[in-house]
Amino acid sequence: MVGRVRGCGGQCSRPEPHELERVLPTGDISLIINLYEDRTRVYDRNDPTKCKTLNGALVVGAYSEFSVIDTAEQRSTMGASQAGRRISLLKPAGRELQDTDVSLDTLWGVKASHLRESLLEAKTPEAKLLR
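Using our numbering, the first residue of the sequence shown is number 1, and each one after it goes up by one.
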């Protein structure tokens, strides 16, 4: 598909839109909060037609292989990432989370939904960071 793209000085080639994307492993453990919808789909890397659904706040363990994400879910997210075996706010330790995703409420209980709600109520990105 070719179309006009602002700032490229004329005709530019744009990639076709896509829904799924591979993410290379980084060794990081991540806390991801989907602010667009209160769910996150986790796709089977060997068969991306299959997925499981978790709540909108999740912990992504350090992966040893690529993972598959839904790019539409990346519209509005917040999170934190740390290399190594654990994020200080998260327990269990990183080894127990390796190569897996878990809803934050499994680890934090109702505090996870309170965090997401608080972030949704914040009016500016700066206010969200202060939560």
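Glycine included, C-beta positions come from ideal geometry on N, C-alpha and C.
All values reported here derive from a predicted model rather than from experimental measurement.
- Take the alpha-carbon of Asn55 and the one of Arg116: they are about 10 Å apart.
- DSSP assignment within the segment 41-88 yields the following whole beta strand (DSSP E) runs of 3 residues or more, N-terminal first: 51-54, 57-60, 67-70 and 77-83.
- In terms of Cα proximity to Tyr63, the closest of Asp38, Ser81, Lys52 and Ala57 is Ser81.
- Taking C-beta atoms as the reference points, Asn34 and Thr77 count as a pair closer than 7 Å.
- About 29 Å separates the CB atoms of Arg131 and Val68; that is not less than 8 Å, and the two are not in contact.
- When beta bridges are read from the DSSP output, Glu21 appears opposite Ile69.
- Residue pairing for Val102: DSSP places it in a beta bridge opposite Val59.
- Between the beta-carbon of Asp99 and that of Gly61 there is about 6 Å, and that keeps the pair under the 8 Å contact cut.
- Distances from the CA of Pro25 to each of Leu129, Asp44 and Phe66 were compared; the closest alpha carbon is that of Phe66.
- Bounds of the beta strand (DSSP E) holding Leu31 are Asp28 to Asn34.
- One Cα belongs to Arg45, the other to Cys51, and the distance between them is close to 9 Å.
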